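**Student:** Here it is, the structure, as structure tokens.
Rendered as structure tokens:
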């Protein structure tokens, strides 16, 4: 199981949890499993089968877009989901 | 018991001395940084003029401060005072502390000047400034030169709100000479739970004016340039044209963040980025050409339901205090040219769990602004995003 950190803006979709677990060997499998467990997340993570452009996914602290994208092997690392936050005031 | 004269003679016999002409040659050869001139005179003597590039530590503080100033004990040092006596004792002490290449300037600065060799007059801090910034002056990485640098620095703050409040207060306290503040809002009741630069009696005042009053009460050395306007494609060039060393971005919306980013890339000004939501904050540094920019990190803004502002989502009052202070820290390091910045690293703070995490941020060769083939080449005013940027002009 992979530990996935949920950003505050998506916690409503996972029952308020800060961190959840999902299963899979690749980033895609983990995110798909996540979307199965928490269906409300799907539209926040995927756009036309691809990772939504407004969400960054980090595996072991690295942006998966700089690795093999959704095909990146999870390899025991934990995952962080991170959309941009604009608030400053 | 030895007299002073005898002691001086004895010490001079135990150290190496160099004449002014030889020292001049070493200075000329020291462009590569081989020889360091160490001035052990008192502050009022130093203020009158020094050997160019010399560092200053009064004789009385030599032993306690030298390791911080010159960690390398093999460094070639030429120690000087006004006539060559204090520097002789200083050279002996340095030898006892393990400094292996120390020479005392015979005849001292007096002889150096008499020979017509180059001198420079340090830009001196005033006595009140020396008192105000004394804790900075004691840090070798800041010191008098660093403090002068801060006093001549210019930082532009986007927003005088949650992040801008602590950031501008600490930058002002640190003596950053000019602070530009861009904010179109007035002080509102709901701001005061976190926006500590404002106060109850300033309710209804423009935030930039309220911030100016607080900053000037804190440190009269600081000049505040107030821009009581919202940053737009119309005014961004005028504001950037005033010339800034660092931008501290504490904006509360995506359109401004993208505008700040594009301006920073085109004007080659680093941005210290901070953002906050409820219990969590993010901080990083975007340094154009050297590292990623905001569009490399977040090429597309999230849809509105995923991007609530603090007004909609709330924020713990102390959170901007922490994140804004981290921004001030990054800004000061950039201005002083010290330490390791957050460039290439996004720092994530969780106030509920009290954890700091870091993720890496890389430059995107396909970035529309700083990438190899930029597609965004002029300012765009985005409306509040609806599932993606919509251009209004």
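Chains as they are written, first to last, in the numbering used here: chain V, 3 to 91; chain P, 7 to 399. For each residue, glycine too, the CB sits at the ideal point set by N, CA and C. Given the structure is predicted, the values throughout are model-derived calculations rather than measurements.
Short check: CB of residue 82/V to CB of residue 13/V, under 8 Å?
**Tutor:** Their beta carbons are not under 8 Å apart, which means residue 82/V does not touch residue 13/V by this criterion.
**Student:** Does the Cβ-Cβ distance between residue 177/P and residue 337/P come in under 8 Å?
**Tutor:** Contact: yes.
**Student:** I'd like to know if residue 199/P contacts chain V, where contact means its C-beta is closer than 8 Å to some C-beta of that chain.
**Tutor:** It does not; no Cβ of chain V falls within 8 Å.
**Student:** Are residue 169/P and residue 256/P touching if we call contact CB-CB under 8 Å?
**Tutor:** It is a contact, given that the beta carbons lie within the stated cut-off.
**Student:** What residues in the stretch 364-379 of chain P have a beta carbon less than 9 Å from any beta carbon of chain V?
**Tutor:** Answer set for the stretch 364-379 of chain P: 364, 365, 366, 367, 368 and 370.
**Student:** Compute the beta-carbon to beta-carbon distance between residue 111/P and residue 86/P, rounded to the nearest angstrom, for a pair I have assumed lies under 8 Å.
**Tutor:** At roughly 4 Å, the Cβ-Cβ gap stays under 8 Å, so residue 111/P and residue 86/P are in contact.
**Student:** Return the bridge partner residues of residue 283/P from the DSSP annotation.
**Tutor:** According to DSSP, which records beta bridges pairwise, residue 283/P is partnered with 286/P.
**Student:** Mind checking if residue 81/V is an interface residue toward chain P, Cβ cutoff 8 Å exclusive?
**Tutor:** Closer than 8 Å: no.
**Student:** In its own chain, which residues sit with a C-beta less than 7 Å from the C-beta of residue 157/P, not counting the 5 before and 5 after it?
**Tutor:** Contacts found: 181, 183 and 227.
**Student:** Please report how far the alpha carbon of residue 388/P lies from the alpha carbon of residue 64/V, in whole angstroms.
**Tutor:** Straight-line Cα distance between these residues: approximately 29 Å.
**Student:** Check each residue of the stretch 284-313 of chain P: if its Cβ is closer than 9 Å to any Cβ of chain V, include it; give the result in chain order.
**Tutor:** Result list: 284, 285, 286, 287, 288, 300, 303, 304, 305, 306, 307, 308, 309, 311, 312 and 313.
**Student:** Leaving out five residues before and five after residue 21/V in sequence, what residues of the same chain have Cβ atoms less than 6 Å from its Cβ?
**Tutor:** So the list reads 5 and 7, once near-sequence residues are dropped.
**Student:** Per DSSP, what kind of secondary structure is residue 396/P in: helix, strand or coil?
**Tutor:** Its pLDDT being 37, under 50, residue 396/P is placed unreliably in this model, and the coordinates cannot settle the point.
**Student:** Any beta carbon of chain P sitting closer than 8 Å to that of residue 11/V?
**Tutor:** Answer yes: the Cβ-Cβ gap between residue 11/V and chain P drops below 8 Å somewhere.
**Student:** Under 8 Å, do residue 246/P and residue 217/P count as touching if we go by C-beta distance?
**Tutor:** Not closer than 8 Å, so no.
**Student:** Check the Cβ-Cβ distances between residue 208/P and every residue of chain V, and say whether any is below 8 Å.
**Tutor:** By this cut-off, residue 208/P is not an interface position.
**Student:** Please decide whether residue 15/V counts as near chain P, where near means a Cβ-Cβ distance under 8 Å.
**Tutor:** No, residue 15/V does not count as interfacial toward chain P.
**Student:** Taking residue 291/P as the reference, which of 367/P, 284/P and 363/P has the closest Cα?
**Tutor:** With distances taken between Cα atoms, residue 291/P lies closest to 367/P.
**Student:** Drop a sphere of 10 angstroms on the beta-carbon of residue 58/V, count the other beta-carbons inside from all chains shown, and report buried for 16 or more, exposed for fewer.
**Tutor:** Buried.
**Student:** Helix or strand or just coil, what does DSSP make of residue 58/V?
**Tutor:** DSSP places residue 58/V in strand when its eight states are reduced to three.
**Student:** Could you pull out every residue in the same chain whose Cβ sits closer than 6 Å to the Cβ of residue 191/P, ignoring the five residues on either side in sequence?
**Tutor:** Cβ neighbours of residue 191/P beyond the five flanking positions: 213.
**Student:** Would you call residue 398/P buried or exposed, if buried means 16 or more other Cβ atoms sit within 10 Å of its Cβ?
**Tutor:** For residue 398/P, the predicted model reports a pLDDT of 35, less than 50, meaning its position is unreliable; a value from the coordinates is still stated below. With fewer than 16 Cβ atoms within 10 Å of its Cβ, residue 398/P is classed as exposed.
**Student:** Taking the beta strand (DSSP E) that residue 252/P falls in, what are its first and last residues?
**Tutor:** 252-255 is the extent of the beta strand (DSSP E) around residue 252/P.
**Student:** Could you tell me the distance, in whole angstroms, from the CA atom of residue 52/V to the CA atom of residue 46/V?
**Tutor:** Looking at the two C-alpha atoms, the distance is approximately 11 Å.
**Student:** Check whether the stretch 142-156 of chain P and the stretch 227-238 of chain P are in contact - that is, three or more C-beta pairs closer than 8 Å.
**Tutor:** They do not touch, by the three-pair rule.
**Student:** Thinking just about the alpha-carbon of each residue, which of 115/P, 194/P and 13/P is nearest to the one in residue 125/P?
**Tutor:** Of the candidates 115/P, 194/P and 13/P, the one whose C-alpha sits nearest the C-alpha of residue 125/P is 115/P.
**Student:** I want to verify the contact list: residues of chain V whose CB lies under 9 Å from the CB of residue 401/P, in sequence order.
**Tutor:** Because chain P in this structure spans residues 7 to 399, residue 401/P falls outside the shown range and cannot be described.
**Student:** Taking residue 175/P and residue 145/P to be in contact with their CB atoms under 8 Å, please state how far apart those CB atoms are, rounded to whole angstroms.
**Tutor:** Not really, about 20 Å apart at Cβ, beyond 8 Å.
**Student:** Tell me whether the beta-carbon of residue 24/P lies closer than 8 Å to the beta-carbon of residue 98/P.
**Tutor:** Taking 8 Å as the Cβ cut-off, residue 24/P and residue 98/P do not qualify as a contacting pair.
**Student:** For residue 30/P, which residues in the same chain have their Cβ closer than 8 Å to its Cβ, ignoring the five residues on either side in sequence?
**Tutor:** Correct list, in chain order: 118, 121 and 123.
**Student:** Around the C-beta of residue 345/P, are 16 or more other C-beta atoms found within 10 angstroms, so that it is buried, or is it exposed?
**Tutor:** Flag for residue 345/P reads exposed.
**Student:** Where does residue 103/P fall in DSSP's three states?
**Tutor:** Three-state DSSP puts residue 103/P in coil, outside helix and strand.
**Student:** How about residue 96/P and residue 65/P: are their beta carbons less than 8 Å apart?
**Tutor:** For residue 96/P and residue 65/P, yes; Cβs fall inside 8 Å.
**Student:** Chain V beta carbons: is any one of them nearer than 8 Å to that of residue 396/P?
**Tutor:** In this predicted model, residue 396/P has a pLDDT of only 37, less than 50, meaning its place in the structure is not dependable; the value taken from the coordinates is given anyway. Output row for residue 396/P: interface = no.
**Student:** With a threshold of 8 Å between beta carbons, is residue 159/P in contact with chain V?
**Tutor:** No, because no Cβ of chain V sits closer than 8 Å to the Cβ of residue 159/P.
**Student:** So residue 42/P is in the beta strand (DSSP E); what residue range does that whole segment cover?
**Tutor:** Its beta strand (DSSP E) spans residues 41-45.
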